[in-house]
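Engineer: Residue numbers (this note's numbering), protein chains in the order written: chain E, 1408 to 1519; chain P, 131 to 242.
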Amino acid sequence: EPEVTQTPSHQVTQMGQEVILRCVPISNHLYFYWYRQILGQKVEFLVSFYNNEISEKSEIFDDQFSVERPDGSNFTLKIRSTKLEDSAMYFCASSRGVSPLHFGNGTRLTVT
Amino acid sequence: QKEVEQNSGPLSVPEGAIASLNCTYSDRGSQSFFWYRQYSGKSPELIMSIYSNGDKEDGRFTAQLNKASQYVSLLIRDSQPSDSATYLCAVQQTNTGNQFYFGTGTSLTVIP
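1) I'd like to know whether the C-beta of P/Ser-173 is nearer than 8 Å to at least one C-beta of chain E.
2) Measuring only the C-alpha atoms, how far is P/Pro-144 from P/Arg-207?
3) Report back the beta-carbon spacing between E/Ser-1502 and E/His-1436 to the nearest angstrom; my notes put them in contact at under 8 Å.
4) Among residues of its own chain, excluding the 5 on either side of P/Asp-185, which ones have a beta-carbon nearer than 6 Å to its beta-carbon?
5) Does the contact criterion of 3 or more C-beta pairs under 8 Å hold for the segment 1413-1432 of chain E versus the segment 197-206 of chain P?
6) Going by other Cβ atoms of all chains shown within 10 Å of its Cβ, with 16 needed for buried, is P/Asn-228 buried or exposed?
7) Given E/Thr-1412, which residues of its chain have a CB within under 8 Å of its CB, disregarding the five upstream and five downstream residues?
8) Residues of the segment 190-205 of chain P with a CB closer than 7 Å to any CB of chain E: list them in chain order, please.
9) Run down chain P in chain order and give the residues with a C-beta less than 7 Å from the C-beta of E/Tyr-1438.
10) Less than 8 Å between the beta carbons of E/Lys-1485 and E/Ser-1494, yes or no?
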């Protein structure tokens, strides 16, 4: 069964550095998402992406964040100038449309 | 604001019992409903989808949807210790983009 794949599984970075989290959505899916989950807390929506543009973003997704689909398969989340509070699990997800959301295994980001 | 409400729990049931998880949502325009299971440190995993009023059964799981009451539930029969996890209710709306809204999750513990 096709899967959403995310790399790396764990990223450690220093405060103020930039990180790029990578995702390969399921190939016939059209909608792409990033979610965040701080340890012990709820899954939080960051951004959705469709037809090569952002379709919706949350209050969390400020100028520090950006997304890109640089080619036909990858979907990336860039976090500029990371802060301690950015430490979380970041989940990429994709959907075909009127169908469930499929999650990747996540990237655990640790900002020190 | 579109809201999805769940009791956070924790909900404890003995092994072999029925676990009942509930979810309400605020937007009557919601079209599709999903239950995800999330083990600690892992990504959400889809376990049930339901699109129309009534019951849908899949093995030990039954999802129930009542759109008039804006209520969706998940029953787990013959609960097993391996069912211990957090269960996330998700609501999909496709009338404005393709957005998924998640509840905070209900923590379930099945006691051997």
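Ideal Cβ placement from N, Cα and C applies to all residues, glycine included. Being a predicted model, the structure only gives us computed values, none of them experimental.
Structural biologist: In this structure, then:
1) yes
2) 11 Å
3) 6 Å
4) Thr-192, Gln-194
5) no
6) buried
7) Cys-1430, Val-1431, Gly-1511, Asn-1512
8) none
9) Asn-228
10) no
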